[in-house]
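So the structure is just underneath, and the comments pick up after that.
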């Protein structure tokens, strides 16, 4: 059998046994006892400080002694029954534990070591599951109490303890200190079938009771071969195993690697009272035994680095291997920078270790690992560059459990999520667990593991469990160590504790996405009367804890709006000054810092959660002092429509003193003036075009500057441009990562992977990634790069925009200002012919267009047609700025107005968009709307190809929609079939949605019921048109039917023969949403 790295090639005391499956694990122990008897198996520090060694010959005798003891302890009816399961429950030294496990196998039975950290109920459950009637137990008082409690549970046969036989664990002395002269070996054992069960371990029981996992004799041999697929011969290396429990899969190398490779195991000295491993004791033991490899959990390493002198000690080891949990990134980075060879270890009880052990060269990033060639991993895309891992059955790795099929092959679905390295595709790191991910009502997901890991670093916190599945936002439940526990009813103590852990909360929030960030009010503390349950790994049993605290969690969501304004006095007179103070306090309460009265809240850092919080405070104040029915008349997007303290104040005064009708009239007249005023503001003057003496610079072909290339449409435009031969250069201009964690290339890789696009395109020689900001001088590029681009760019595709139907026009002004800077960039071109500026507008600038009249491919000077959404108003303003620029300068803009862009071949369609939100809420409401009219939704890859083709159009205005409409009834009937729900009229559906809002009082409360359409309720109201005004040949949802003649002429290759949307398109969308967890 050929291996990547044969073991024991230069060792004179160890020759590898036959590894072809002709010998089982206990038979190999017999073989090594004879043929490798003088090779060390175990080492430990003796009482006098000297190194003590146990050779293979001595260990083999101990195994036979243990096997005899086992055989003599069983009842006659079980002595020749290979299905007999013998369990081990106790604390003992590593060497005795190893000998007893292998002795049970050598006697012909199945060994089942059980963690003493399990509860008595869990242990009884495991014994019942495997039908174990024999349990070896140790003598300690704690173990004896545990065993007594186990025996009080219903066990085998359903009777407490009756059929359970307790056996004392043999001592180290009785097993290992027998003279070789007195030893009589057992007769050679009959070779067991490869697929016969041998060892049993159990899962950790994170979500429920632990489950037994059976190992066959074949599996044990396969696990033992892992070093042969690494890069290093580990024969003779000393493996520090002081902290590795043999009831855990991380302890199996002590049984398997040793017998195949000749690696030596170091542990604590044998003693009647086993040593409890602490970080200090483990490191001390590793140094005393001259270990070259340390294998432990990250918590030990994190404790070691607290003392700087330990780092120099760790640097001397061949490898410091960690596994079982994530490590703090700061610790890992520090150790690697100091020259420590830090190696991640990843695997599962069901499949064993699946990463290369040990790699000769350190991975480019310490947290990433490479899969071993002995396994066959398969990856199912979960979200973006996050993949769900499957391990496929193959000749060199047989999973202990088969729970799925992949490409017609048996496989084990690990339920683990991995992230692929952005530039080295063979490297991966652990992201989390599928069942741990919190799917919020918005379709976004929270990975709880990094946040929980950060919080439990606090010395008072024992465990942490995040919550928020089905809710708008996440929270966390913290369990305190007994000596620090308090009743969270005591608000003063709770507030003090929240303040104490604030630095760690802020650290977690720095790397968490917006929807995952923790607010003080969403931090709960466990009650002394409701104790967390922990699994054998010492981790909280997530499902059990969440069920235990279900009432407290639901109550905190329901009480957000009540508690948020409790300390804000409500105005008595509601005059201007009092209203301003009230609103200002509401904003400060939600934002946690002071904001000027005229500052845009969203530009100052307000997010959707805080916007809802501010609205709740204001609405509650109105309801308490004015009208109880006011709540549902205040729009959900109140803060988006009025994004400053002064605007919120003006709105309140209008509502209180003049009613909603007056507000509507005031808004309409004011909106016209605001939109037209912005056009005037950004069209006062334009720079002159002064080309350089030479005509053109740079290479031939088109050089395109593209903004917004990390988004949905932008990713597809980038792909289309790179694939177009006439385009020789593509410059992408995007803002820097707001959290500073990912490079611009990594963000593109993530976007392409997420949308099912070929990531190899991003390695094209014609592609250049730029980070900048269109709202800054020189577009945030600096003068040198800015001027260089002005000599080469022939086309600009300005696609970057904020797609948010809640924010107001004033919140969009930075984007308008950015477009004006792009106009200045184009007019400042050094080329004789200035670049063509392609602006990606929207067909919704005709949102209020007269029905029955096609929306023209022409300028739109009427602000009222676009009024109602800050998004459409900002696009109208920008269109008119470009029209003015073309009248006053040589600029020749191309304004493309896409209709609704839907998912493409991969099915990717962001579940938070308005159409997916309708479908998702359908599961909650039990119905979907049946809109009248047609839809001309165009897939993203088609729209991108058309935009690329249109980049040099001679027409200024192009309406981009699907040239072959389909009935909206067909679309929504197909959705309804997939969800098995009914269709109703749009007005009735809107009423159902509004009713759900009334029933739930607020979006936050509604979010827990998977009703995301409530977030866009005002938008859906704006789409409603009475049926008498809808023509069957017009666009559904009140959108205008566009003229597209000029678009067809500008992109004939893309649009002329485009097939209409079909069942397969709709199915791809639904499959994607289900995969994302957005649909059940």
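In the UniProt record's numbering, the protein residues as written are 1 to 1080. Glycine is no exception: its CB is placed at the ideal position from the N, C-alpha and C atoms.
Rounded separation between residue i and residue j - CA only
i            : j            : result
residue 687  : residue 827  : 7 Å
residue 1007 : residue 554  : Caution applies to residue 1007, whose pLDDT of 46 falls short of 50 and renders its modelled position unreliable; the model cannot decide the point.
residue 985  : residue 619  : 31 Å
residue 1024 : residue 932  : 11 Å
residue 437  : residue 506  : 21 Å
residue 1099 : residue 1041 : The requested residue 1099 does not occur in the structure, where the chain is confined to residues 1 to 1080.
residue 333  : residue 487  : 38 Å
residue 544  : residue 306  : 34 Å
residue 192  : residue 219  : 13 Å
residue 442  : residue 469  : Residue placement at residue 442 is flagged as unreliable, the pLDDT there being 48, under the threshold of 50; a coordinate-derived value is accordingly withheld.
residue 336  : residue 366  : 7 Å
residue 57   : residue 260  : 15 Å
residue 213  : residue 175  : 28 Å
residue 385  : residue 424  : 13 Å
residue 874  : residue 359  : 55 Å
residue 247  : residue 533  : 20 Å
Three-way DSSP call (helix, strand, coil) for residue i in this model
i            : result
residue 932  : coil
residue 865  : helix
residue 1028 : Summary for residue 1028: the model assigns pLDDT 44, below 50, so the residue's position carries little reliability, and this model does not support an answer.
residue 388  : strand
residue 428  : strand
residue 202  : strand
residue 464  : strand
residue 309  : helix
residue 361  : coil
residue 12   : coil
residue 784  : helix
residue 729  : strand
residue 770  : strand
residue 451  : helix
residue 901  : strand
residue 353  : strand
Nearest-angstrom Cβ-Cβ length linking residue i and residue j, presumed shorter than 8 Å
i            : j           : result
residue 789  : residue 652 : That pair is no contact at about 47 Å.
residue 434  : residue 415 : 5 Å
residue 61   : residue 172 : Residue 61 to residue 172, Cβ: 13 Å. No contact.
residue 1050 : residue 953 : 4 Å
residue 595  : residue 604 : 5 Å
residue 587  : residue 614 : 6 Å
residue 477  : residue 461 : The pair is not a contact, with the Cβ atoms about 11 Å apart (cut-off 8 Å).
residue 674  : residue 809 : 6 Å
Bridge partners - residue i, DSSP secondary structure assignment
i            : result
residue 43   : 53, 266
residue 416  : 433
residue 112  : 87
residue 168  : 137
residue 409  : 406
residue 216  : 197
residue 836  : 795
residue 1081 : Outside the displayed span of the chain (1 to 1080) sits residue 1081, for which this structure offers no information.
Closest by C-alpha distance to residue i, when choosing among the options
i           : options             : result
residue 898 : 856, 931, 841, 869  : 841
residue 163 : 172, 189, 124, 178  : 124
residue 502 : 456, 964, 540       : 456
residue 610 : 592, 782, 599       : 592
residue 132 : 119, 1039, 146, 165 : 165
residue 389 : 375, 417, 838, 238  : 417
residue 527 : 544, 520, 489, 500  : 489
residue 836 : 802, 853, 796       : 796
residue 327 : 392, 579, 815, 452  : 452
residue 400 : 981, 587, 199, 1046 : 199
residue 819 : 271, 91, 838        : 838
residue 934 : 872, 868, 900       : 900
residue 381 : 833, 568, 752       : 752
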